[in-house]
Each structure stands twice: as C-alpha cells, then as structure tokens.
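J.:
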Ligand code: PBG
C-alpha cells in the first residue's frame, strides 16, 4: 500500500497556486460609497477606519480612483440633508443619490453603478418604511415609495437597483414599474436574505440611519433561520431578481453555500460594516496580520459560493494586488 501524501502539492508557492481551487478577483468586488448632501456631514467615519462620507465631487474622484484600480462596480448610499416621515428626499429626482448617479455615469460611463434602495436614511424615525397608525412598518405603502425611488434612480442612469428594505413583494413591484417606464435594462440586485444583525452598527453611524425606537426584527430575518432564507431567495427569483444577496457575510456563510447549491442566479454576499470594523480594530491593535486576515475572509466568501462580494475592503485589496 503506497503512502498518500497531500503535502506534495504544498511544497512551494508555485505548486500551491497551480492546485488552488478559488481566487478572489478584483472584478468581483463591489465598493460601497457614502455620499453626503450637506458638506458638514462629509468626513471620516470613526467606527470604520479608512472609510469616509464623501461629497458628490469626492464621490466622483473616488469612483475614478476605484475604476483605475479595477474596481468597476460600486454601491451608493445617500445621506440626505432632509429627513421626514415619508422619506421624501429619497424619490426627489434632484436628490443626493440621483445627482451622484448622474455625475459618476457621465464621468465614467463604464462604471457599474448600483444604488441601495431603502428608506431608513431618509425617514426621521429611521425605520426602513412608512409607519402605520400603530407604529408598525406598513409593507404595501412602503413598496410604493421604493418603486418611486427606484424609478428616479433608473432615470438618473443607474445600472442596478438594490432594494435592502425586506418588504414583501418589492422586487416584482420594482420590476413591473421599471419595465412599464422603458427601463428594461436596469437590473435588480435583491437583498433577499437580510438578517436583523448586530453587525450593521457602524453603518448606522455612517449613514445616520439608526431606528429612533424599536428594531428591524419585524422585517429583517431572524438569525437562526436558514431554510427561510432559501424561501426568501426563491420568492425574489420568482419576482424577477437578477442577482440575489445574502447579508451579513461571515456569520451566514452556510446560507451562501446553501443558496449556491440551490440557485443558478448570481449570488452576492455583503461583508458588512461590523465585519469590517472588527477586523480593522484587531489589525489596529496588532492582533491580526492585515493582509492575511483580509485575504482569508474574502476567500471564504468565494469558497462558500458567492460570485459577487460587496466589501469595504475592495479598494485596499485592489491596491495591494496592483502593487504586489
Ligand atoms: C439599509 C441598509 C443597511 C445596510 C445596507 N443597507 C442598514 C440596516 O439595514 O440597518 C448595512 C450595511 C452595512 O452594515 O455595511 N437598510
């Protein structure tokens, strides 16, 4: 009986690279970008070292840098000057996201601009939708607002809209409205399995979108549920989602794998703000090696089956690949 020796294929970097099963390509990364309408709101985000809220001009400059580095897809979030109960700044054709979409697409027509569609940054109470008389988020009234917002993004030239609200039926409603308005080329990346997670903490500081009362558990998913995630994804696929997303990433890699084994659609995973901040904090303390830890985390998403990785590490990963 001959000895089986897997170590033979680990003896040098060249042979390891030869048998490597997965690679993280710069082309599959999406960089999230925060754009503030008021200059006073722009600036670094304390809980997310290396990430800032940008002015619209700053966002165009950042997009140019990213494009040059090979990061050719970005996900836009707006921080409006005005919040109210009906999120009116969200579907204003001259809103901060609409203006930024136009500016980036005119500077860089090839850039794939994805816009998050949600109300939480635009409502004064910080929930993702309209509240009914009892203080609950009203699903169908919220869907109407999401549709209005998605249409203004499409008219501004967005490539992909990404509803992140977790209302039922919003993908179909957005798809029908886009098609009825001749926007058949605009794709939908649905936040299909979005969990009510503690890991959004830093984002809520970044975007000023913390609920003023209660939490998001009546619309975002309950963390222990995996089969339900597959049902949510199946619904979004049936409603016309072009890309489905699982969010957060690291605590839900099992869901990414199950989705990969079940669906043929492109799968995105969102490596969210809290996952970024915890790594950055450990790196800043000297407890983790930055390059190895980031590479290992990004690889875990690809190995779990994600095609697209939305990550605040996109730019630094691309810089590192560029400069070796
Ligand atoms: C908007 C939205 C959130 C994130 C993306 N879109 C916050 C939330 O649902 O509370 C989180 C992104 C991150 O943490 O990086 N609803």
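Residue numbers (this note's numbering): 3 to 326. Every residue gets a Cβ at the ideal spot worked out from N, C-alpha and C, and that includes glycine. Just so it is clear, the structure is predicted and the values come from calculations on it, not from any experiment.
Excluding the 5 residues preceding and the 5 following residue 108 in the sequence, name in chain order all residues of the same chain whose CB lies nearer than 6 Å to its CB.
T.: Counting from one through the chain shown, the residue named residue 108 turns up at place 106. Result list for residue 108: empty, nothing under 6 Å.
J.: For residue 282, name the three-state secondary structure that DSSP assigns.
T.: Along the chain shown, read from residue 1 onward, the residue named residue 282 stands at position 280. Helix, per DSSP.
J.: Can you tell me the Cα-Cα spacing of residue 154 and residue 10, whole angstroms?
T.: Counted from its first residue, the chain shown places residue 154 at position 152. Counted from its first residue, the chain shown places residue 10 at position 8. Going by the C-alpha atoms only, they are around 57 Å apart.
J.: With respect to the alpha helix (DSSP H) encompassing residue 196, which residues constitute its N-terminal and C-terminal limits?
T.: As a working mapping, residue 196 is identified with position 194 in the chain shown. Premise fails: residue 196 lies in the beta strand (DSSP E), 189-196, not in any alpha helix (DSSP H).
J.: If you measure from the CB of residue 101, is any heavy atom of ligand 1 nearer than 7 Å?
T.: Within the chain shown, numbered from 1, the residue matching residue 101 stands at position 99. It does not: the Cβ of residue 101 is nowhere closer than 7 Å to a heavy atom of ligand 1.
J.: Please state if the CB of residue 252 and the CB of residue 277 are separated by a distance shorter than 8 Å.
T.: To locate residue 277, count along the chain shown from 1; it is residue 275. To locate residue 252, count along the chain shown from 1; it is residue 250. Taking 8 Å as the Cβ cut-off, residue 277 and residue 252 qualify as a contacting pair.
J.: Give a single yes or no on whether residue 276 has its beta carbon closer than 7 Å to a heavy atom of ligand 1.
T.: Here the question's residue 276 lines up with position 274 in the chain shown. Yes, ligand 1 has a heavy atom inside 7 Å of this Cβ.
J.: Around the Cβ of residue 186, are there at least 16 other Cβ atoms within 10 angstroms (buried) or fewer (exposed)?
T.: Counting from one through the chain shown, the residue named residue 186 turns up at place 184. The residue in question, residue 186, is exposed, as its Cβ has fewer than 16 Cβ neighbours within 10 Å.
J.: What is the DSSP secondary structure of residue 53, reduced to helix, strand or coil?
T.: Translated into the one-based positions of the chain shown, residue 53 becomes position 51. Correct three-state label for residue 53: coil.
J.: Where does the unbroken alpha helix (DSSP H) through residue 60 begin, and where does it stop?
T.: As a working note, residue 60 is residue 58 in the chain shown. Where residue 60 is concerned, the enclosing alpha helix (DSSP H) stretches over 58-71.
J.: Looking only at its own chain, which residues have a Cβ that is under 7 Å from the Cβ of residue 159, when we skip the five neighbours before and after it?
T.: Position 157 of the chain shown, counted from the start, is the residue given in the question as residue 159. The beta carbon of residue 159 sits closer than 7 Å to those of 103, 104 and 107, all from its chain and outside the five residues before and after it, given in chain order.
J.: Which one of 138, 245 and 88 has the shortest CA to CA distance from residue 116?
T.: As a working mapping, residue 116 is identified with position 114 in the chain shown. Cα-wise, what sits closest to residue 116 is 245.
J.: Quick check for students: name the residue ranges of the alpha helix (DSSP H) that lie wholly in the segment 186-253, counting only runs of 4 or more.
T.: Correct list: 203-209 and 229-240.
J.: From residue 217 to residue 118, what distance separates their C-alpha atoms?
T.: Here the question's residue 217 lines up with position 215 in the chain shown. Here the question's residue 118 lines up with position 116 in the chain shown. Their Cα atoms are separated by approximately 20 Å.
J.: Is the CB-CB distance between residue 55 and residue 81 below 8 Å?
T.: Taking the first residue of the chain shown as 1, we reach residue 55 at position 53. Taking the first residue of the chain shown as 1, we reach residue 81 at position 79. The Cβ atoms of residue 55 and residue 81 lie closer than 8 Å to each other.
J.: Do the segment 159-174 and the segment 210-224 make contact, defined as three or more Cβ pairs closer than 8 Å?
T.: yes
J.: Quick one: using the 10 Å Cβ neighbour count with 16 as the cut-off for buried, is residue 310 buried or exposed?
T.: Within the chain shown, residue 310 is the residue found at index 308, counting from 1. Residue environment for residue 310: buried (at least 16 other C-beta atoms within 10 angstroms of its C-beta).
J.: Are there 16 or more other CB atoms within 10 angstroms of the CB of residue 177, so buried, or fewer, so exposed?
T.: Here residue 177 is taken as the residue at index 175 of the chain shown, counted from 1. It counts as buried.
J.: For residue 73 versus residue 292, is the C-beta spacing smaller than 8 Å?
T.: Mapped onto the chain shown, residue 73 falls at position 71. Mapped onto the chain shown, residue 292 falls at position 290. No. Outside cutoff.
J.: State the start and end residues of the unbroken beta strand (DSSP E) segment that holds residue 108.
T.: The residue you call residue 108 lines up with position 106 of the chain shown. That residue, residue 108, is in no beta strand (DSSP E); its alpha helix (DSSP H) goes 98-109.
J.: For my contact list, residue 132 and residue 316 are in at a C-beta cut-off of 8 Å; report their separation, rounded to the angstrom.
T.: Residue 132 sits at position 130 when you count from the first residue of the chain shown. Residue 316 sits at position 314 when you count from the first residue of the chain shown. So it is not a contact: roughly 33 Å between Cβ atoms.
J.: Can you tell me whether residue 90 is helix, strand or coil according to DSSP?
T.: Here residue 90 corresponds to residue number 88 of the chain shown, with the count starting at 1. Residue state, collapsed to three classes: helix.
J.: At a cut-off of 7 Å, would you count residue 279 as near ligand 1, judging by its Cβ distance to the nearest heavy atom?
T.: For the purposes of this step, residue 279 is taken as the residue at position 277 of the chain shown. Residue 279 Cβ: outside cutoff for every heavy atom of ligand 1.
J.: So which of 197, 148, 59 and 192 has the shortest CA-CA distance to residue 269?
T.: Stepping through the chain shown from its first residue, residue 269 is reached at position 267. Of the listed residues, the one whose Cα sits closest to residue 269 is 192.
J.: Classify residue 92: buried if its beta carbon has 16 or more other beta carbons within 10 angstroms, exposed otherwise.
T.: Start at 1 with the first residue of the chain shown, and residue 92 comes out as number 90. When all chains shown are included, residue 92 counts as buried.
J.: In this structure, does DSSP put residue 75 in helix, strand or coil?
T.: Working through the chain shown from its first residue, we reach residue 75 at position 73. Three-state DSSP puts residue 75 in a strand.
J.: Counting only the same chain and skipping the five closest in sequence on each side, list residues whose C-beta sits under 6 Å from that of residue 162.
T.: As a first step, residue 162 is located in the chain shown; it is residue number 160 there, counting from the start. Once the five neighbours on either side are set aside, the close Cβ partners of residue 162 are 116, 189 and 191.
J.: On a CA-only basis, which of 200, 305 and 286 is nearest residue 263? Give me that one, please.
T.: As a working note, residue 263 is residue 261 in the chain shown. Of the listed residues, the one whose Cα sits closest to residue 263 is 305.
J.: Whose CA, out of 95, 58 and 67, lies closest to the CA of residue 78?
T.: To locate residue 78, count along the chain shown from 1; it is residue 76. The shortest C-alpha separation from residue 78 is found at 58.
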